[in-house]
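Here the structure is laid out as structure tokens; the discussion comes afterwards.
Protein chains: 2
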Amino acid sequence: MKLTPSPFAPQSFPSLPEVKGLRAAAGSRGFYARRGIVRDDVFLFAFPDAATCAGVYTVSNTASADVRWCRQALKAGGGKARALVAHSGNSNAFTGPKGVEKNEATLAALTTVLGVAKEACFLAATGVIGEPLQDPNFVGAFVPELAARLGPPDWEACARAFMTTDTFPKGSGRTVELGGVSTAFAGIAKGSGMIMPNMATMLSYVFTDAAIAPDLLQGLLEQVTNETFNSITVDGDTSTSDTLMVFATGGAGAPPIMSREDARFPAFAAALHATCLDLALQVVKDGEGASKFVTVRVEGAASQHSAKVVACHIANSPLIKTAMAAGDANWGRVVMAVGKSLEPIVMDDLAIWFDDVQVAKGGARAPDYDEAAASAVFAKPEFTIRVHLGVEAGAATVWTCDLTHGYVDINGAYRT
Amino acid sequence: MKLTPSPFAPQSFPSLPEVKGLRAAAGSRGFYARRGIVRDDVFLFAFPDAATCAGVYTVSNTASADVRWCRQALKAGGGKARALVAHSGNSNAFTGPKGVEKNEATLAALTTVLGVAKEACFLAATGVIGEPLQDPNFVGAFVPELAARLGPPDWEACARAFMTTDTFPKGSGRTVELGGVSTAFAGIAKGSGMIMPNMATMLSYVFTDAAIAPDLLQGLLEQVTNETFNSITVDGDTSTSDTLMVFATGGAGAPPIMSREDARFPAFAAALHATCLDLALQVVKDGEGASKFVTVRVEGAASQHSAKVVACHIANSPLIKTAMAAGDANWGRVVMAVGKSLEPIVMDDLAIWFDDVQVAKGGARAPDYDEAAASAVFAKPEFTIRVHLGVEAGAATVWTCDLTHGYVDINGAYRT
Chain A
10 MKLTPSPFAP QSFPSLPEVK GLRAAAGSRG FYARRGIVRD DVFLFAFPDA
60 ATCAGVYTVS NTASADVRWC RQALKAGGGK ARALVAHSGN SNAFTGPKGV
110 EKNEATLAAL TTVLGVAKEA CFLAATGVIG EPLQDPNFVG AFVPELAARL
160 GPPDWEACAR AFMTTDTFPK GSGRTVELGG VSTAFAGIAK GSGMIMPNMA
210 TMLSYVFTDA AIAPDLLQGL LEQVTNETFN SITVDGDTST SDTLMVFATG
260 GAGAPPIMSR EDARFPAFAA ALHATCLDLA LQVVKDGEGA SKFVTVRVEG
310 AASQHSAKVV ACHIANSPLI KTAMAAGDAN WGRVVMAVGK SLEPIVMDDL
360 AIWFDDVQVA KGGARAPDYD EAAASAVFAK PEFTIRVHLG VEAGAATVWT
410 CDLTHGYVDI NGAYRT
Chain X
10 MKLTPSPFAP QSFPSLPEVK GLRAAAGSRG FYARRGIVRD DVFLFAFPDA
60 ATCAGVYTVS NTASADVRWC RQALKAGGGK ARALVAHSGN SNAFTGPKGV
110 EKNEATLAAL TTVLGVAKEA CFLAATGVIG EPLQDPNFVG AFVPELAARL
160 GPPDWEACAR AFMTTDTFPK GSGRTVELGG VSTAFAGIAK GSGMIMPNMA
210 TMLSYVFTDA AIAPDLLQGL LEQVTNETFN SITVDGDTST SDTLMVFATG
260 GAGAPPIMSR EDARFPAFAA ALHATCLDLA LQVVKDGEGA SKFVTVRVEG
310 AASQHSAKVV ACHIANSPLI KTAMAAGDAN WGRVVMAVGK SLEPIVMDDL
360 AIWFDDVQVA KGGARAPDYD EAAASAVFAK PEFTIRVHLG VEAGAATVWT
410 CDLTHGYVDI NGAYRT
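Chains A and X, in that order, are what the protein sequence lines are. With this note's numbering as the guide, the letters of the first sequence map in order to residues 10 to 425. With this note's numbering as the guide, the letters of the second sequence map in order to residues 10 to 425.
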């Protein structure tokens with residue numbers, strides 16, 4: 010089916026800065042050929058000098074063969090990367106021994122063609138779950154051609170190559186001064202459905218030419234993920250392939266950041282956070298069928314964790330999401346979602362705002378409740394639902410979109 | 010908006026047996042008058058001799074004033090009931106002190122008009138959350154008229170009076186021999202959205218003229234609820250007003266069942282279970298916008314609880330529910346839902362069937378996978394998704410429906 014572009018799609022793909030110390034190539038392996046579609050569906054990144062890397066992956070118990078390989082490689086290789094291959098059109102999840110065979114074949118090709126250690130190679134796949142590849146070497150056989158074409162990355166081409174139901178390619182980048190050295194951050198992401206915290210269901214890669222110690226990068230990435238990719242939700246579903254990796258090439262030429270006490274660390278962390286947040290919000294804005302982009306802010310909770318649980322109950326409620334789609338400011342459903350979260354609340358202090366319009370106060374409808382004002386907020390393409398639980402100072406923010414006819418259409422037709 | 014009747018709606022309301030020892034009346038209080046609709050919206054049941062009663066209620070932290078009163082009365086009154094009033098059109102949830110005032114006014118009317126103890130009176134309300142009643146005595150003032158019209162129940166009229174987005178009234182009844190005495194069971198239910206285990210969101214009342222000890226009835230009801238109303242899900246949302254109560258009038262004239270060792274207990278339990286299951290499945294079949302009725306069976310789990318958690322993840326997944334709606338046998342999404350449940354599985358033993366068609370085996374697509382056969386199952390209006398997790402012998406069944414354009418429409422328009 011032809012997908013309608015998200016109303017939040019940017020005019021054009023952003024211009025991303027040059028990240029020194031990497032080369033890339035995208036190409037068409039033909040995963041979509043059986044549907045009569047010619048498009049790029051695979052990319053290769055190569056790091057001539059090993060890049061420091063970190064990764065977070067789906068918590069799913071049915072993780073794809075690629076995710077299981079990446080976890081293993083990250084551990085065995087000590088956070089050093091020489092190559093990354095990702096493709097769309099087949100998720101290589103729930104493919105049994107064949108899925109492992111496919112990875113071994115791809116890894117064999119990478120080690121041979123690029124002359125790098127197997128444990129320095131990372132893989133990802135996205136598409137329909139459970140369809141075995143007929144030829145385990147389908148991707149591996151294409152590696153020589155990709156390797157021959159390695160050069161400065163065409164970020165947009167790479168971002169397009171791993172799209173599935175995405176309606177626009179997603180990229181984000183920035184340049185920051187770290188200790189007087191100009192340092193680049195560039196990232197790409199794909200994902201628009203099967204999106205929910207616990208590794209928001211998508212693939213995303215961020216590249217920087219800073220240098221940083223592997224353990225420090227891994228710890229920072231986990232923290233950043235919690236506040237970005239793990240704070241978005243489209244449909245509450247969690248994929249088998251969720252992957253977020255960061256590669257620090259060191260190409261900018263500065264000495265590595267070795268600890269949180271390094272004066273450059275806060276700016277590094279902020280740049281990584283900003284890049285991840287921008288990419289994560291683009292994923293929500295491209296949520297399948299999305300017509301509204303909604304920020305859910307929960308305050309006054311027993312803890313930050315409790316606030317996030319309540320925010321996710323609100324953001325994932327089909328009743329609230331359909332009300333968003335219709336522009337119906339049905340605030341009673343927010344009360345329902347808060348209640349079913351089973352998190353601590355003081356009901357007589359519960360308060361709810363739509364943007365700045367207070368709709369509930371002191372455990373009941375606000376005395377000066379104004380239906381027209383509340384409806385005006387829900388009619389906007391972007392707005393905030395804010396809830397105060399009246400317990401302690403725990404707070405969290407989650408971003409989501411509405412549930413529309415488009416979501417029903419897209420997900421009935423995905424495989425066809 | 011005009012609701013399209015569920016394709017699973019029965020031809021007519023079932024004929025329910027006479028339950029001795031109760032009287033009832035339904036009437037129109039005018040809750041829907043502002044929308045120009047004339048319909049019954051309230052009913053009263055009265056038990057001339059106190060009925061033994063038991064109840065289970067929503068676990069929501071934002072439970073309605075009515076639910077909070079019922080919990081209190083059940084405890085204070087020792088499981089004895091003289092009256093029950095339920096109305097639709099306003100949920101009396103999140104209405105603060107005004108909600109309690111309304112209940113006090115209704116209870117005062119009941120104690121005066123019927124001459125019964127306050128703690129023997131039970132209340133329920135269903136409708137939009139958070140809209141305060143302008144006149145706290147709105148229901149109470151109607152009690153004298155209802156009381157004057159008490160008589161043999163018109164079950165269908167009562168079942169219609171508390172409907173909200175239901176497209177058909179729900180009733181179920183049977184007559185069984187208990188120790189040689191003919192004993193009647195009759196029940197009614199409402200609910201079609203905001204439905205999910207943890208007291209499946211709805212109101213339901215079951216009446217029998219058997220006699221039974223209150224504690225025994227309460228324990229049995231909790232057990233039966235777990236396998237019936239708490240095993241259905243429409244949208245994963247949980248209401249603030251969920252209520253299931255059983256009233257045993259003793260009108261059949263037999264001595265009370267005092268323990269599980271009583272020879273009549275198994276047949277009593279089976280009749281209560283059958284009545285609750287029938288009502289619960291009618292609620293799913295009237296799920297908002299439902300076009301498919303799907304049984305999710307999980308076997309081979311670490312425990313019964315674990316099996317139910319996995320079954321609920323499958324039954325509540327928007328991606329699976331939209332695939333059901335489209336008749337797309339996308340079994341990979343079942344793998345996804347199993348994985349995100351985070352329950353123990355042996356992935357290499359995971360197996361999935363659609364009715365009798367095996368689609369996954371040994372942690373991969375079944376070797377003899379037949380897309381046409383799988384699609385044929387998903388094209389049916391009713392089918393079963395069965396999953397074997399390969400761990401232990403824990404098993405559970407959950408019933409659900411699909412997610413269609415109708416659900417999006419109904420829930421965007423509910424308040425208007």
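Don't be surprised by glycine CBs; every beta carbon is placed ideally from N, CA and C.
Item: Close Cβ partners of leucine 116(X) (< 6 Å) along its chain, the five nearest in sequence each way excluded; Value: Lys127 and Cys130
Item: Short Cβ contact (8 Å threshold) for alanine 346(A) with valine 366(A); Value: no
Item: Contact under 8 Å by Cβ, glycine 421(A) with aspartate 337(X); Value: yes
Item: Contact between the segment 227-234 of chain A and the segment 186-193 of chain A (3+ Cβ pairs under 8 Å); Value: no
Item: Neighbour flag for phenylalanine 147(A) against chain X, beta carbons, 8 Å; Value: no
Item: Opening and closing residue of the beta strand (DSSP E) in which proline 26(A) lies; Value: Looking at the DSSP string, proline 26(A) is not in any beta strand (DSSP E), and its letter there is neither H nor E.
Item: Under 8 Å between C-beta atoms of aspartate 75(X) and asparagine 101(X); Value: yes
Item: Opposing strand residues paired with valine 407(X) [DSSP bridges]; Value: Val305(X)
Item: Coil, strand or helix - serine 15(A) by DSSP; Value: coil
Item: Residues of its chain near glutamate 110(A), where Cβ-Cβ distance is below 7 Å and the 5 sequence neighbours each way are ignored; Value: Pro145
Item: Contacts around threonine 284(A), its chain only, beta-carbon distance under 6 Å, and the 5 residues preceding and following it disregarded; Value: Ser181, Phe194, Gly196 and Val215
Item: Which residues DSSP lists as bridging phenylalanine 151(X), in chain order; Value: None, per the DSSP bridge assignment.
Item: Helix, strand or coil at arginine 91(A) according to DSSP, with G and I counted as helix; Value: strand
Item: Rounded C-alpha distance that separates alanine 92(A) from glycine 45(A); Value: 30 Å
Item: Meets three-Cβ-pair contact criterion under 8 Å: the segment 167-174 of chain X and the segment 397-414 of chain A; Value: no
Item: Valine 417(X) burial status per 10 Å Cβ neighbour count (16 or more: buried); Value: buried
Item: Methionine 356(A) classed as buried or exposed, judged by whether at least 16 other C-beta atoms fall within 10 angstroms; Value: buried
Item: 8 Å contact criterion, which glycine 259(X) and aspartate 58(X) should meet: CB distance rounded; Value: 7 Å
Item: Own chain partners of alanine 320(X) with C-beta closer than 6 Å, once the 5 adjacent residues on each side are dropped; Value: Val305, Val307, Ala405 and Val407
Item: Test: arginine 374(X) CB closer than 8 Å to a CB of chain A; Value: yes
Item: Heavy atom of the ligand SAH within 7 Å of glutamate 140(X) beta-carbon; Value: Among the components of this structure there are no ligands whatsoever, and the ligand SAH is therefore not found.
Item: Between the CA atoms of aspartate 175(A) and serine 201(A) - distance to the nearest angstrom; Value: 6 Å
Item: Contact with chain X by alanine 382(A), beta-carbon distance below 8 Å; Value: no
Item: Under 7 Å by beta carbon: chain B residues contacting tryptophan 340(X); Value: Checking the listed chains, one finds no chain B in this structure; the protein chains it contains are A and X.
Item: Below-8 Å beta-carbon distance, tyrosine 66(X) vs any chain A residue; Value: no
Item: Buried/exposed call for threonine 1(A), threshold 16 Cβ in 10 Å; Value: This structure cannot speak to residue 1(A), because chain A is shown only from 10 to 425.
Item: Cβ shell of alanine 388(A) (< 8 Å), same chain only, five flanking positions each side left out; Value: Gly336
Item: Exposure label - glycine 88(A); buried when at least 16 CB within 10 Å; Value: buried
Item: Glycine 371(X) vs glycine 105(A) beta-carbon contact at 8 Å; Value: yes
Item: Chain A contact for lysine 111(X) (CB, 8 Å cutoff); Value: no
Item: Nearest-angstrom Cα separation, counted from alanine 373(A) out to proline 141(X); Value: 8 Å
Item: Option in Pro390(X), Lys349(X) and Asp379(X) with minimal Cα separation from alanine 334(X); Value: Pro390(X)
Item: Proximity of methionine 267(X) and alanine 198(X) at Cβ, strictly below 8 Å; Value: no
Item: Cross-strand partners of cysteine 130(X) (DSSP beta bridge); Value: Ala92(X)
Item: Chain-ordered neighbours of tyrosine 416(A) on chain X, where CB pairs are closer than 9 Å; Value: Pro327, Thr331, Leu412 and Val417
Item: Contacting residues, own chain, Cβ-Cβ under 7 Å from leucine 25(X) (five flanking each side not counted); Value: Trp164, Gly180, Gly182 and Ala195
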